[in-house]
Structure formats: structure tokens, C-alpha cells
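Trainee:
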Amino acid sequence: MNKKKELVKNTVIIALGKISTKFVTFVLLPLYTTILSVEEYGTVELLNTLVSLCLPIVTFQIEQALFRNLIDNRNKEDETRRTITTTFIIVSLQVILYLILFFIISPWIQNEYKYFLIMNVIVCVYSNILLQISRGLGENKKYTIGSMLTAATSIILNIVLIMVFKFGAYGMLTASLIGNIVCGVYIFIAEKIYKYINIKQFSKELLLKLWKYSFPLIPNEISWWIFNSSDRIIVSTTLGIGANGILSAAYKFSSVYITIYNIFNMTWTESAALYIEDKEDKEFFSNVINTVLKLFASMCLGIIAIMPYAFKLIINEKFDEAYNHIPILMVASLFNVIVGLISAIYIAKKDTKSVAKTSIMAAIINLVVNLLFIKWIGLYAASISTLVAYLIMAIYRLHDVKKYIEIKLDKRVMITTIAMILLICIIYYQKNWYWNIIGVLATMIYIWNINKNSIGMIKNMIKGKLKKNES
Numbered sequence: 182m183n184k185k186k187e188l189v190k191n192t193v194i195i196a197l198g199k200i201s202t203k204f205v206t207f208v209l210l211p212l213y214t215t216i217l218s219v220e221e222y223g224t225v226e227l228l229n230t231l232v233s234l235c236l237p238i239v240t241f242q243i244e245q246a247l248f249r250n251l252i253d254n255r256n257k258e259d260e261t262r263r264t265i266t267t268t269f270i271i272v273s274l275q276v277i278l279y280l281i282l283f284f285i286i287s288p289w290i291q292n293e294y295k296y297f298l299i300m301n302v303i304v305c306v307y308s309n310i311l312l313q314i315s316r317g318l319g320e321n322k323k324y325t326i327g328s329m330l331t332a333a334t335s336i337i338l339n340i341v342l343i344m345v346f347k348f349g350a351y352g353m354l355t356a357s358l359i360g361n362i363v364c365g366v367y368i369f370i371a372e373k374i375y376k377y378i379n380i381k382q383f384s385k386e387l388l389l390k391l392w393k394y395s396f397p398l399i400p401n402e403i404s405w406w407i408f409n410s411s412d413r414i415i416v417s418t419t420l421g422i423g424a425n426g427i428l429s430a431a432y433k434f435s436s437v438y439i440t441i442y443n444i445f446n447m448t449w450t451e452s453a454a455l456y457i458e459d460k461e462d463k464e465f466f467s468n469v470i471n472t473v474l475k476l477f478a479s480m481c482l483g484i485i486a487i488m489p490y491a492f493k494l495i496i497n498e499k500f501d502e503a504y505n506h507i508p509i510l511m512v513a514s515l516f517n518v519i520v521g522l523i524s525a526i527y528i529a530k531k532d533t534k535s536v537a538k539t540s541i542m543a544a545i546i547n548l549v550v551n552l553l554f555i556k557w558i559g560l561y562a563a564s565i566s567t568l569v570a571y572l573i574m575a576i577y578r579l580h581d582v583k584k585y586i587e588i589k590l591d592k593r594v595m596i597t598t599i600a601m602i603l604l605i606c607i608i609y610y611q612k613n614w615y616w617n618i619i620g621v622l623a624t625m626i627y628i629w630n631i632n633k634n635s636i637g638m639i640k641n642m643i644k645g646k647l648k649k650n651e652s
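Each residue of the sequence shown is one higher than the last, beginning at 182 in our numbering.
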């Protein structure tokens, strides 16, 4: 199987799991925005934000080093056991330390949901570790099933606990907690993780190697947290918890978009690691990056174009203000796609320091712009600061990665895409029904035009698969 077909195949497998997991919040958005108050929804989102901050601090991002090491040693059973055992032991010790620190400071935390914070962090730590083991072992199908179990459990429990029992925010948090537990238990049993864990296999030397890789990813992950979450904390403290609810609703669309990219990025990171030293196919990276940018630029345009019709069907009128922020956050996410594509090359070269350096730089820009302008332009400061930071980060990484690989972007497509985005955004803010129809039609024509080759390749792959199954 050639590199591109393998990349597409693995992406489709993982997509089934990741889309089901991440689409839970999107599918349930009408339920959340109808039943929960703006303040209640904002509070839950803020708690989830704090969970995402705690995770890299508790684990030292060792799950990323675990995944990378397992890829390099897939055919070495002893090294696989050493890697999994060492990771589980050190993570368990770090979780115990986290528990001790939490109970020391908990008397000063005045929040009725604080125990959900500790439970969600612990469950997510082990769930993430187990999922990364599954990926590292090349068991993408089991990874997908585990993710789908999380989604199914969360959807069912959300409906039961929020709609039937009226538990509100407690129901939402409980559903998420149990969903992750189900996923972790499945992976542990399906992958027979217990066979890989033997305290005698613990290695201090390997632990130092894993930490050397993962430590630079801690500031990187915190920087991403600043990108994605500090806006909400600043908005909550400056404009109120209700404004955070509005911003959270606006973020849902770009979050779904970037989640779809992250599905691809999981297999892209694996492929980049496997083929980074392949001198025979110098065009592989440029070809993949150009193809992916066309697809995600198309998706960005499509979401913005149809949003004038879809918004009121999905979002309750209490959150109408979110409409104005969606195009800004969508364009910001398109630049985030560029950032992620280049990040895979850094990871493949094990250059986590460059990943951290560029992320910290952009996070500082995001934070400064937000703080400077939030008093002047209100909620727009959060979305605009995100756009500016991603734009600068994308430009810098495209230039910096030349030290490893020369990425040749399709300039014609880049220029025409920028022009189309400007046009569709202008139409979007006009709020004119007829102009919106023109915008949708123009977007469809443009999407078809720039993706003809990719669509043809996918069709041929499907036809080939069907013929193979028939024979």
C-alpha cells in the first residue's frame, strides 16, 4: 500500500471514533442551549477548561512520548513492555501527588463542582494513556471502538440525566466522566494491557528518555490551553459568565472543524514519523500539505457559507450574539490547520523544543491582544486575538520548517482561497437571504474546482475496494 493510500485508510478508521466523540457536544448543543441557562453552560465549559489545563501538568505529556516510542518499537515486545510499564507506574505516582495537592488546597476552592474537577482529570489521564497505547501499537480499530463507546455513553447519559432527571450541569459532567471510564475499561481489556505491565520492567533510563521528549510539550500544551481557554477565563472575569457562555457557543463550530482536522493529524503525525527520512519521495510532504489545505479551506468556506441558515436551527436565541464571532474563529482555525501540519514534521524529527517555542510565542500574542482590547471591543477581543495569534504562528512555522523540509505551497490556490474567504465573510455579515444563496453557490463551485483531483482519487480508491470485496 502506498503512503497516500495508507494515510487515507488510517484517517478513515480513526475518523469514525474521533468524530463520534467530539461530535457529542455538537449534537447535544441544542439540548444544552435550550435547557441550561447561559450562566450554567458557561460554568461547565469553564470547568472543562480547567481539566484541559491540569492534564499536561499531571502527566508531563508523557502519553505523547509513549506513543512516539511505541511507533519506533512495534516489533520489539520487550521494549513495548518496558515503555507501557514505565509509563503506567510514573503516571500513577503523579496522579497520587495530584490527589494530595488537591486535598491540601481544596478547602480554599469555593466551587460546588470542584470534585468533578479531580475525578475528570484522573479519568482523562488514564483514558488518554490507554488510547495512545492503542494507537502506538497500531490498533486503530480498537482505538476507534473505544472512542465510539465514549460518545454513545455520553449521549445516552446526557439525555437521561439532563432531560429526564433534570440534573442540569451535574448531569452533563457525570455523563462525560462515565463516558471516559467506559472507554478506558474497554481499551484495557481489549488490548490486554495487563499483559504488558510488570513492575520488574520499569526503567529509569527509559523514563528519562521519555521525559526528555515530553517535557518541552508541557509548555506547548499549556500554550494551546492559553489559546483555547484563557480567552474564556478573561471573558468570564471581565465581561461575566454569561459572555463566556456566548463565546463557548461560538467556539463549537470551529471546534468541530478543528476536531475533524485533528483526526487527520493523528495519522499524519504517524506517517510523518515513519517517512521523514525517506529521501526517495521528497514531494510527499508538499503534496499532502497542499491537498489537506485545499480540503480544509473548502470546509471552512462551506461552514461560513451555510451558517446563516444553520445557526438558528442549532443555537437557541439566547446565544444569538455568538453568530458574529463564528467567521473569525473559523478563519483562525484554518490557520491552526497549517500550524498542525507543520507540527507533525517537528514531531517526526523529535524537535519538540521548536514546537514549544513557537506555541509559547503565539500564546503570548493571543493573551496580550486579548487583554489590550477586551475593554474596547468586548467579546470580539477573544476571537480576534485567536485569529492574530494563529496567523503569526502559521507564517513563522512555514518559514522555520525549511531547516528540515522545503514545503512548496500552491500559491494560486492560496491567493484565490483568501479572496473567496473575504467575499463569503462580507456576504455573511450582510444577513441578506438572496446574497447568502449566491455565497453558497459560489462556494460549492469553488470547492469542486480546487478539489477535483482529490475527489477523483477517493472515488477510485472506493471503486477498487468494492471490486476487491466482490472478488
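Yeah, the Cβ is synthetic: ideal placement off N, Cα and C, and Gly gets one too.
Determine the burial state of K433: buried for a count of at least 16 other Cβ atoms within 10 Å of its Cβ, exposed for fewer.
Mentor: Classification of K433: buried, given that the 10 Å Cβ count is 16 or more.
Trainee: Give the C-beta separation of I496 and A430 to the nearest angstrom, bearing in mind that I take them to be a contact with Cβ-Cβ under 8 Å.
Mentor: So it is a contact: roughly 6 Å between Cβ atoms.
Trainee: Which first and last residues belong to the alpha helix (DSSP H) in which Q245 is found?
Mentor: Taken as a continuous stretch (DSSP letters only), the alpha helix (DSSP H) holding Q245 covers 243–253.
Trainee: Under a Cβ-count criterion, where at least 16 other Cβ atoms within 10 Å of its own Cβ denotes burial, should V549 be classed as buried or exposed?
Mentor: By the 10 Å Cβ count, V549 comes out exposed.
Trainee: By a C-beta neighbour count over all protein chains shown, 10 Å radius and 16 as the cutoff for buried, is S287 buried or exposed?
Mentor: It counts as exposed.
Trainee: Determine contact between the segment 269–277 and the segment 315–327, defined as no fewer than three beta-carbon pairs at a distance below 8 Å.
Mentor: Touching, no.
Trainee: Report, in whole angstroms, the separation of the C-beta atoms of K391 and A246, which I expect to be a contact under 8 Å.
Mentor: A small fix is needed here, since residue 391 is Leu in this sequence, not Lys. Indeed they touch by this definition, with Cβ atoms about 4 Å apart.
Trainee: Just verifying my parser: in three-state terms, what is the DSSP assignment at N632?
Mentor: N632: coil per DSSP, three-state reduction.
Trainee: Going straight from the alpha carbon of I631 to that of I602, what length do you get?
Mentor: About 14 Å.
Trainee: In chain order, what residues of the same chain lie with their CB nearer than 6 Å to the CB of N471, ignoring the 5 residues before and after it?
Mentor: These residues qualify, in order along the chain: D591.
Trainee: Tell me where the alpha helix (DSSP H) around Y609 begins and ends.
Mentor: That run of the alpha helix (DSSP H) goes 592–611.
Trainee: Could you check which residue in L338, K347, F492, Q382 has the C-alpha nearest to that of N361?
Mentor: It is L338 whose Cα lies nearest to the Cα of N361.
Trainee: Under 9 Å between the Cβ atoms of V284 and L228?
Mentor: A small fix is needed here, since residue 284 is Phe in this sequence, not Val. No. Outside cutoff.
Trainee: By how many angstroms is the C-alpha of V302 removed from the C-alpha of S273?
Mentor: The alpha-carbon atoms of S273 and V302 are separated by roughly 13 Å.
Trainee: Can you give the beta carbon distance from L251 to Y294, rounded, assuming they're within the 8 Å contact cut?
Mentor: Wrong, their Cβ atoms sit about 35 Å apart, outside the cutoff.
Trainee: Give, in chain order, every unbroken run of the alpha helix (DSSP H) that is at least 4 residues long and sits entirely within the segment 466–511.
Mentor: Counting only runs of 4 or more, we get nothing.
Trainee: Specify, as a first and last residue, the run of the alpha helix (DSSP H) that G423 falls within.
Mentor: From DSSP, the alpha helix (DSSP H) with G423 extends over 422–456.
Trainee: Answer with buried or exposed for V345, where buried requires no fewer than 16 other C-beta atoms within 10 angstroms of its C-beta.
Mentor: Under this definition V345 is an exposed residue.
Trainee: Would you kindly work out how many angstroms separate the C-alpha atoms of V306 and L553, rounded to a whole number?
Mentor: Cα to Cα, the separation comes out at about 35 Å.
Trainee: Would you kindly work out how many angstroms separate the C-alpha atoms of E587 and I519, rounded to a whole number?
Mentor: Straight-line Cα distance between these residues: approximately 15 Å.
Trainee: Measuring straight from C-alpha to C-alpha, what distance separates N634 and K475?
Mentor: Rounded to whole angstroms, N634 to K475 spans 11 Å at the Cα level.
Trainee: Does the Cβ of T215 have 16 or more other Cβ atoms within 10 Å, making it buried, or fewer, making it exposed?
Mentor: Exposed, since its Cβ has fewer than 16 Cβ neighbours within 10 Å.
Trainee: Can the beta-carbon of I368 be found closer than 9 Å to that of I359?
Mentor: No, the pair does not count as a contact, with Cβ atoms beyond the cut-off.
Trainee: Take Q242 and list the residues in its own chain whose beta-carbon comes closer than 7 Å to its own, dropping the five residues that flank it on each side.
Mentor: Same-chain partners within the cutoff: S395, L398, I399, E402.
Trainee: Short check: CB of R522 to CB of N468, under 9 Å?
Mentor: Here the sequence assigns Leu to residue 522, which means Arg is not the residue at that position. No, they are not a contact pair.
Trainee: Rounded to whole angstroms, what's the CA-CA distance from S218 to S328? Just pull it up for me.
Mentor: Cα to Cα, the separation comes out at about 29 Å.
Trainee: Would A262 and G317 qualify as a contact pair, given that the criterion is a beta-carbon distance under 9 Å?
Mentor: It is worth fixing the name first, because residue 262 is Arg in this sequence and not Ala. No, these two residues do not count as a Cβ contact at 9 Å.
Trainee: Buried or exposed: W449, going by 16 or more other Cβ atoms within 10 Å of its Cβ?
Mentor: With 16 or more Cβ atoms within 10 Å of its Cβ, W449 is classed as buried.
Trainee: Buried or exposed: R413, going by 16 or more other Cβ atoms within 10 Å of its Cβ?
Mentor: Buried: at least 16 other Cβ atoms inside 10 Å.
Trainee: Leaving aside the five residues before and after V582 along the sequence, list all residues of the same chain whose C-beta is less than 8 Å from its C-beta, in chain order.
Mentor: Closer than 8 Å at Cβ, skipping near neighbours: I523, I526, Y527, I588.
Trainee: Taking S308 and C364 to be in contact with their CB atoms under 8 Å, please state how far apart those CB atoms are, rounded to whole angstroms.
Mentor: Going by Cβ atoms, the distance from S308 to C364 rounds to 5 Å, so yes, they are a contact pair.
Trainee: DSSP three-state call for Q291: helix, strand or coil?
Mentor: It is coil, neither helix nor strand.
Trainee: If you draw a straight line from the C-alpha of L604 to the C-alpha of V304, how long is it?
Mentor: L604 and V304: Cα-Cα distance of roughly 45 Å.
Trainee: Is the beta carbon of N229 within less than 8 Å of some heavy atom of the ligand ADP?
Mentor: The ligand ADP is not part of the structure shown, which contains no ligands of any sort.
Trainee: Could you check what DSSP says for E221 in three-state terms: helix, strand or coil?
Mentor: Helix at E221.
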